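Asks:
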């Protein structure tokens, strides 16, 4: 049986909660760190972690600090921004690299929506430690989305509603301060997977990204909206496993 265990890290006195999925047998294993999207939690992508483990690849999915209403990590959504999540992911990478089960030569980042944005930013900072990137419907739209959301407001409000959740001015300020396309300098392999019918993050944002990254491909999932379910989720899990197996250092 594959094994799942709870594993927590700490950033600035706040707990980061997650699940470590390990394959059968003796490590170290290739390792994929999986990041959820805005307002979500680790359950969103845990299916992928179980499939990775079945295929001999370890995976860690975690809740960002203040990442969503149901996260088991500390923090409130009003303390969360793309850059606070960058700090969380950096903390997680530091911790995961120290595990005896981790093959440090084969550490991958995978993330959905805002998680895809965050892994892109962090891979730019730590390119020599990351073997490959798997952004799923990455939310490179975030600055434009926030701009449109606050369009009629006078300045940036202290708090505001965003996709059914309350966030603070910090979220907007950090979102507007970054041009994510300037952080696509990661030189390794990138497999972006995006639905052709995504109503929240139009696929054009990924079509632009694939031209900016040095070594990226875009796989289009026909008819999929923002998120992959049922047969699409199965397909994407297969594409993710294949990517790791094809690119890992032997």
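Residue numbers (my numbering): 624 to 873. The beta carbon of each residue, even a glycine, is placed where N, CA and C say it ideally should be. These numbers come from a predicted model, not from an experiment.
1. Check whether the Cβ atoms of residue 788 and residue 700 sit closer than 8 Å, and answer yes or no.
2. Taking the alpha carbon of residue 746 as the point to measure from, which residue in 731, 833, 670 and 785 has its own alpha carbon closest?
3. Judging by CA-CA distance, which residue of 782, 806 and 808 is the nearest neighbour of residue 796?
4. Taking just the CA atoms, how far does residue 716 sit from residue 757?
5. Less than 8 Å between the beta carbons of residue 663 and residue 672, yes or no?
6. On the DSSP bridge assignment, give the partners of residue 685 in chain order.
7. By Cβ distance, which residues of its chain are closer than 8 Å to residue 830, with the 5 residues on each side in sequence left out?
8. Could you pull the start and end residues of the alpha helix (DSSP H) that residue 879 belongs to?
9. Please list, in chain order, all residues of the same chain as residue 821 whose beta carbon is under 8 Å from its beta carbon, the five residues on each side excluded.
10. Assuming residue 709 and residue 744 are in contact, meaning their beta carbons sit under 8 Å apart, how far apart are those beta carbons, in whole angstroms?
11. By Cβ distance below 6 Å, which residues in the same chain neighbour residue 720 in space, the five residues on each side in sequence not counted?
12. Considering only the beta carbon of each residue, do residue 790 and residue 703 sit closer than 8 Å?
13. Tell me which residue opens and which closes the beta strand (DSSP E) that residue 840 is part of.
14. Measure the CB-CB distance between residue 811 and residue 749 and report whether it falls below 8 Å.
15. Thinking C-beta only, is residue 813 closer than 8 Å to residue 836?
16. Anyone know if the C-beta pair for residue 779 and residue 800 falls short of 8 Å?
17. Could you name each continuous beta strand (DSSP E) segment of 3 residues or more that falls completely within the segment 662-731, going from the start of the chain to the end?
18. Pick out whichever of 679, 659 and 809 has its Cα sitting closest to the Cα of residue 649.
19. Between residue 828 and the rest of its own chain, which residues show a CB-CB distance below 6 Å, the 5 nearest in sequence each way excluded?
20. With H, G and I counted as helix, E and B as strand and the rest as coil, what does DSSP make of residue 770?
21. Does the distance from the C-beta atom of residue 879 to that of residue 817 stay below 8 Å?
22. Under the three-state reduction of DSSP, which class applies to residue 738: helix, strand or coil?
23. By a C-beta neighbour count over all protein chains shown, 10 Å radius and 16 as the cutoff for buried, is residue 819 buried or exposed?
24. Considering only residues of the same chain and omitting the five flanking positions on each side of residue 723, which have a CB-CB separation below 7 Å?
25. Between residue 864 and residue 776, what straight-line distance do the alpha-carbon atoms span, to the nearest angstrom?
Replies: On the basis of the coordinates in this document:
1. The beta carbons of residue 788 and residue 700 sit closer together than 8 Å.
2. When only C-alpha atoms are compared, the closest one is 731.
3. 782
4. 16 Å
5. With a cutoff of 8 Å on beta-carbon distance, residue 663 and residue 672 are scored as not near each other.
6. 641 and 658
7. 841
8. Outside the modelled stretch of the chain, which goes from 624 to 873, sits residue 879, for which no answer is possible.
9. 760, 847, 848 and 849
10. 5 Å
11. 727
12. yes
13. 838-844
14. No, the pair does not count as a contact, with Cβ atoms beyond the cut-off.
15. Yes; because the gap between Cβ atoms is below 8 Å, this pair is in contact.
16. No, the pair does not count as a contact, with Cβ atoms beyond the cut-off.
17. 681-685
18. 679
19. 763 and 764
20. helix
21. Any property of residue 879 remains undetermined from this structure, which presents the chain solely from 624 to 873.
22. helix
23. exposed
24. 650 and 651
25. Rounded to the nearest angstrom, the two C-alpha atoms are 44 Å apart.
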